[in-house]
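These protein sequence lines map, in sequence, to chains A and B.
Following the numbering used here, the numbering of the first sequence begins with 25 at its first residue and continues without gaps.
Following the numbering used here, the numbering of the second sequence begins with 25 at its first residue and continues without gaps.
The C-beta atom is built at its ideal place from N, Cα and C for all residues, glycine as well.
Note that the structure is a prediction, hence the values are computed from the model and not measured.
Heads up: the structure comes next, in structure tokens.
There are 2 protein chains.
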Amino acid sequence: MTGRSPKPLAPAVLTGLASRWALLIVDALAEETLRYTRLHGRVDGISHQMLARTLRALERDGIVVRTAHATVPPRVEYALTPAGRDLRTRVAGMCAWSRAHLPEIEAARERFAAEAEHTRLRRAGLAAVPGGPPAAPLTATDALAGPARRPGDGGREIGIDRADPFLVPRANAAWARLALRYRLYGPAGEFLLATAVDDGPPRWRAVRVLPGADLMGAGAAAFLGTAAGRPEFAALSPDGRVALRATTGAARVRVIAVPTDRPGRDAASC
Amino acid sequence: MTGRSPKPLAPAVLTGLASRWALLIVDALAEETLRYTRLHGRVDGISHQMLARTLRALERDGIVVRTAHATVPPRVEYALTPAGRDLRTRVAGMCAWSRAHLPEIEAARERFAAEAEHTRLRRAGLAAVPGGPPAAPLTATDALAGPARRPGDGGREIGIDRADPFLVPRANAAWARLALRYRLYGPAGEFLLATAVDDGPPRWRAVRVLPGADLMGAGAAAFLGTAAGRPEFAALSPDGRVALRATTGAARVRVIAVPTDRPGRDAASC
DNA sequence: CGGGATCCGGAGCGATACTG
DNA sequence: CAGTATCGCTCCGGATCCCG
Chain A
25 MTGRSPKPLA
35 PAVLTGLASR
45 WALLIVDALA
55 EETLRYTRLH
65 GRVDGISHQM
75 LARTLRALER
85 DGIVVRTAHA
95 TVPPRVEYAL
105 TPAGRDLRTR
115 VAGMCAWSRA
125 HLPEIEAARE
135 RFAAEAEHTR
145 LRRAGLAAVP
155 GGPPAAPLTA
165 TDALAGPARR
175 PGDGGREIGI
185 DRADPFLVPR
195 ANAAWARLAL
205 RYRLYGPAGE
215 FLLATAVDDG
225 PPRWRAVRVL
235 PGADLMGAGA
245 AAFLGTAAGR
255 PEFAALSPDG
265 RVALRATTGA
275 ARVRVIAVPT
285 DRPGRDAASC
Chain B
25 MTGRSPKPLA
35 PAVLTGLASR
45 WALLIVDALA
55 EETLRYTRLH
65 GRVDGISHQM
75 LARTLRALER
85 DGIVVRTAHA
95 TVPPRVEYAL
105 TPAGRDLRTR
115 VAGMCAWSRA
125 HLPEIEAARE
135 RFAAEAEHTR
145 LRRAGLAAVP
155 GGPPAAPLTA
165 TDALAGPARR
175 PGDGGREIGI
185 DRADPFLVPR
195 ANAAWARLAL
205 RYRLYGPAGE
215 FLLATAVDDG
225 PPRWRAVRVL
235 PGADLMGAGA
245 AAFLGTAAGR
255 PEFAALSPDG
265 RVALRATTGA
275 ARVRVIAVPT
285 DRPGRDAASC
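This is how it looks when you write it as structure tokens:
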């Protein structure tokens, strides 16, 4: 048994146990036989239905015995068979493993997520910089949500026709122009980018532009939009005073600069 | 650690490992680091895509390390991390369990299936009898397949309007009448019933009728049709000489008796 | 109380095609 | 060779209702 297990054995049995409910139920029945409802309370999160189904599957495989007393109201008890008790020790081994390595696992997940983010950024021509997101006057959701505000309050908007064959370079140029004019970049060229996270609201990330960056093409294709030439993202200057946003409408791609505090002279007159 | 494991720990990690592919991959990487394609050959049954996805998940959780050599063609190797090697011993424990208890498990499955069949039969008002299915001149699929033959060859058909309020008792009576007239029952009242199996063709099962049987109502609802009053099944006399079939058409339920060998006088004239 | 039957959305998974 | 992208389907799993 030092090597791999014989081919046909593992799959046949594993398929039955490869549900997390099966493992949790075996664990819950570890030392007492339980009635249905108590068991339901123990497994925590399982639905009424899944408990019944998984119990039947376990009974089918001889891991659990079901004892129904013919009383009113009915009284049904579930317990592990000898095979089930044996299995339970193995399951406990896996649980012990998870407890022992939990910090490692979480660290690995964070490293993996960071690595993935860096890869996406690099594809867009950006580099993450250590500067963390300061308390911004605008939240990422604010800057991203809703129809883009018209920049009547001292900002500026540039639109490019989506049919334009030079859409991507022109949008990139517009972005660069507005970023410079409205002082998006901090002293080291850094600014805040709203990166979409899988679950939860977007998060501000401090980045800087690398030579040859292509936010509207490769960047939009990577994660700053839905596809190349369809950007959908927002940026914020490190001091939080100006927001830049790129958004894709039906006919045109728009790049918008909006001062976020006291709109007026100093930004627009620059 | 003698009791149940702490609630929040198990689910978090188990969800990642509750896929049979994850366990099989960990097992496959037990002692050698493998390249993608070799690994694909080892895991046996996994799709190209699932291997890639599961590997990424395992890498994400720090169970597997991916080493990509920047050569042409690319060369990527997968190996277990220390945590992965630790996990692997636990997985091996589960595999050992499956090997040790495999006969038990298969026996339990057969017992369960038999029990389920008996329950279904009892619900229809039937009892299984030890008599096994002899080599019947008709296979179950023959008797069940296609549109029911008109009994021009010495048999008899009785139809009942599906709108008839007494459909079920009348169909039951028709079945009983034809069963007696065409000698469906053997000496002990037994006959062969084509029971639908989940996978594979129908199988002949030796049964006998219990008092108060209701093949067309409860029986059809249980497994001899699609619902009460919609029977769809076939029976065969133990000697295989006569087939009875109940089938549900658009307007009527039909009960049909068909001699299977030398149609003619002795059966029809009875 | 302890389920079963049914409906339905979403995740899992496979087949195929394309890429560096 | 070692993936990723897209599509489509199946089955998991939950919510709800019903039954003995």
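Sub-8 Å separation of ARG135 of chain B and ALA246 of chain B beta-carbons: As a first step, residue 135 of chain B must be located in the second sequence, where it is residue number 111. As a first step, residue 246 of chain B must be located in the second sequence, where it is residue number 222. Cβ atoms of ARG135 of chain B and ALA246 of chain B: not closer than 8 Å.
CB of GLY117 of chain A within 8 Å of CB of ILE280 of chain A, strictly: Locating residue 117 of chain A in the first sequence gives position 93, counting from the first residue. Locating residue 280 of chain A in the first sequence gives position 256, counting from the first residue. Not a contact, by the Cβ cut-off of 8 Å.
Three-state class that DSSP yields for ALA155 of chain A in the structure shown: The residue labelled residue 155 of chain A in the question sits at position 131 within the first sequence. Here the sequence assigns Gly to residue 155 of chain A, which means Ala is not the residue at that position. DSSP places GLY155 of chain A in coil when its eight states are reduced to three.
Backbone CA spacing between ASP185 of chain A and LEU191 of chain A [nearest angstrom]: Locating residue 185 of chain A in the first sequence gives position 161, counting from the first residue. Locating residue 191 of chain A in the first sequence gives position 167, counting from the first residue. Taking the straight line from one Cα to the other gives about 7 Å.
Segments assigned alpha helix (DSSP H), at least 4 residues, entirely inside the region 252-287 of chain A: none
Exposure label - THR39 of chain B; buried when at least 16 CB within 10 Å: Within the second sequence, numbered from 1, the residue matching residue 39 of chain B stands at position 15. By the 10 Å Cβ count, THR39 of chain B comes out exposed.
Where the region 221-253 of chain A meets chain B: residues whose CB sits under 8 Å from a CB there: none
Which residues DSSP lists as bridging TYR102 of chain B, in chain order: Within the second sequence, numbered from 1, the residue matching residue 102 of chain B stands at position 78. DSSP, once it has assigned bridges, lists B:LEU58 and B:ARG90 as partnering TYR102 of chain B.
Sufficient close CB pairs (3 or more, under 8 Å) joining the region 201-210 of chain A to the region 237-244 of chain A: The answer is no - the region 237-244 of chain A does not touch the region 201-210 of chain A, with fewer than three Cβ pairs under 8 Å.
LEU104 of chain B beta carbon near the ligand SAH (any heavy atom closer than 7 Å): Ligands are entirely absent from the displayed structure, and the ligand SAH is therefore not among its contents.
Proximity of PRO45 of chain B and THR78 of chain B at Cβ, strictly below 8 Å: Residue numbering aside, residue 45 of chain B sits at position 21 when the second sequence is read from its first letter. Residue numbering aside, residue 78 of chain B sits at position 54 when the second sequence is read from its first letter. It is Trp, not Pro, that sits at residue 45 of chain B in the sequence shown. Against a cut-off of 8 Å, the Cβ pair of THR78 of chain B and TRP45 of chain B comes out as a contact.
Check whether VAL100 of chain B and ARG59 of chain B have beta carbons under 8 Å apart: Taking the second sequence and counting its residues from 1, the one referred to as residue 100 of chain B is at position 76. Taking the second sequence and counting its residues from 1, the one referred to as residue 59 of chain B is at position 35. In contact: VAL100 of chain B and ARG59 of chain B (Cβ atoms closer than 8 Å).
Residue nearest to VAL115 of chain A in terms of C-alpha spacing, selected from B:GLY149, B:GLY65 and B:VAL37: The residue labelled residue 115 of chain A in the question sits at position 91 within the first sequence. Closest option to VAL115 of chain A, Cα to Cα, is B:VAL37.
THR122 of chain A classed as buried or exposed, judged by whether at least 16 other C-beta atoms fall within 10 angstroms: Within the first sequence, residue 122 of chain A is the residue found at index 98, counting from 1. The sequence shown places Ser at residue 122 of chain A, not Thr. Under this definition SER122 of chain A is a buried residue.
Separation of LEU268 of chain B from ALA124 of chain B, as counted between CA atoms: By one-based count along the second sequence, residue 124 of chain B stands at place 100. By one-based count along the second sequence, residue 268 of chain B stands at place 244. One C-alpha to the other measures close to 46 Å.
Cα-Cα separation, HIS64 of chain B to ILE70 of chain B: The residue you call residue 64 of chain B lines up with position 40 of the second sequence. The residue you call residue 70 of chain B lines up with position 46 of the second sequence. Answer to the nearest angstrom: the Cα atoms are 7 Å apart.
Segment limits, alpha helix (DSSP H) that includes ILE49 of chain A: Taking the first residue of the first sequence as 1, we reach residue 49 of chain A at position 25. Its alpha helix (DSSP H) spans residues 44-52.
For ALA252 of chain B and PRO287 of chain B, the rounded distance between their alpha carbons: As a working note, residue 287 of chain B is residue 263 in the second sequence. As a working note, residue 252 of chain B is residue 228 in the second sequence. With a pLDDT of only 41 at PRO287 of chain B, under the threshold of 50, the placement of this residue in the model should not be trusted, and no figure is reported.
Which listed residue (B:ALA274, B:LEU208 and B:THR250) has its alpha carbon closest to that of ASP263 of chain B: Taking the first residue of the second sequence as 1, we reach residue 263 of chain B at position 239. Among B:ALA274, B:LEU208 and B:THR250, the Cα nearest to that of ASP263 of chain B is on B:LEU208.
ARG278 of chain A versus GLY183 of chain A: straight-line alpha-carbon distance, rounded: Here residue 278 of chain A refers to the residue found at position 254 of the first sequence. Here residue 183 of chain A refers to the residue found at position 159 of the first sequence. ARG278 of chain A and GLY183 of chain A: Cα-Cα distance of roughly 4 Å.
8 Å Cβ cutoff met for LEU53 of chain B and LEU126 of chain B: Looking up residue 53 of chain B in the second sequence gives position 29. Looking up residue 126 of chain B in the second sequence gives position 102. Their beta carbons are not under 8 Å apart, which means LEU53 of chain B does not touch LEU126 of chain B by this criterion.
Cutoff 6 Å; reference HIS93 of chain A; Cβ partners in own chain excluding five residues on either side: Indexing the first sequence from 1 puts residue 93 of chain A at position 69. So the list reads ARG99, once near-sequence residues are dropped.
Sequence-distant residues of its chain with Cβ nearer than 6 Å to ALA198 of chain B (five each side left out): Mapped onto the second sequence, residue 198 of chain B falls at position 174. So the qualifying residues of the chain are ILE182 and VAL279.
Cβ shell of ALA187 of chain B (< 7 Å), same chain only, five flanking positions each side left out: Here residue 187 of chain B is taken as the residue at index 163 of the second sequence, counted from 1. Nothing listed; no residue qualifies.
DSSP state of VAL96 of chain B mapped onto helix, strand, coil: As a first step, residue 96 of chain B must be located in the second sequence, where it is residue number 72. Coil at VAL96 of chain B, not helix or strand.
Beta bridge counterpart(s) of TRP228 of chain A as assigned by DSSP: For the purposes of this step, residue 228 of chain A is taken as residue 204 along the first sequence, with counting starting at 1. Partner(s): A:ALA218.
Other residues of its chain near ASP290 of chain A: CB distance less than 7 Å, five sequence neighbours each side excluded: Residue 290 of chain A sits at position 266 when you count from the first residue of the first sequence. Model confidence at ASP290 of chain A stands at a pLDDT of 43, short of 50, so the residue's coordinates are unreliable; what they give is reported in the following sentence. Same-chain partners within the cutoff: there are none.
LEU111 of chain A at chain B interface by Cβ criterion, 8 Å: Counting from one through the first sequence, the residue named residue 111 of chain A turns up at place 87. So yes, LEU111 of chain A belongs to the interface.
Status (buried if at least 16 other CB within 10 Å, exposed otherwise) for GLY27 of chain A: Within the first sequence, the letter at position 3 stands for residue 27 of chain A. Confidence in GLY27 of chain A is poor, its pLDDT being 46 and thus under 50, which makes the residue's placement unreliable; the coordinate value appears in the next sentence. GLY27 of chain A should be labelled exposed.
Contact check, ASP110 of chain B vs ARG133 of chain A, beta carbons under 8 Å: By one-based count along the second sequence, residue 110 of chain B stands at place 86. By one-based count along the first sequence, residue 133 of chain A stands at place 109. No, the pair does not count as a contact, with Cβ atoms beyond the cut-off.
Residue-level contact to chain B via CB, GLU101 of chain A, 8 Å cutoff: Taking the first sequence and counting its residues from 1, the one referred to as residue 101 of chain A is at position 77. Not one chain B Cβ lies under 8 Å of GLU101 of chain A.
Under 8 Å between C-beta atoms of ALA237 of chain B and LEU216 of chain B: Walking along the second sequence from the start, residue 237 of chain B turns up at place 213. Walking along the second sequence from the start, residue 216 of chain B turns up at place 192. No. Outside cutoff.
Any chain B beta carbon closer than 8 Å to GLU83 of chain A: If you number the first sequence from 1, residue 83 of chain A lands on position 59. Yes, GLU83 of chain A counts as interfacial toward chain B.
Where ARG90 of chain A falls, given that 16 or more other Cβ within 10 Å makes a residue buried: Here residue 90 of chain A refers to the residue found at position 66 of the first sequence. Looking at its Cβ environment, which holds fewer than 16 other Cβ atoms inside 10 Å, ARG90 of chain A is exposed.
Among A:PRO235, A:THR272 and A:HIS72, the one whose alpha carbon lies nearest that of PRO255 of chain A: Counted from its first residue, the first sequence places residue 255 of chain A at position 231. Of the listed residues, the one whose Cα sits closest to PRO255 of chain A is A:THR272.
Coil, strand or helix - ARG112 of chain B by DSSP: Taking the second sequence and counting its residues from 1, the one referred to as residue 112 of chain B is at position 88. Three-state result, ARG112 of chain B: helix.
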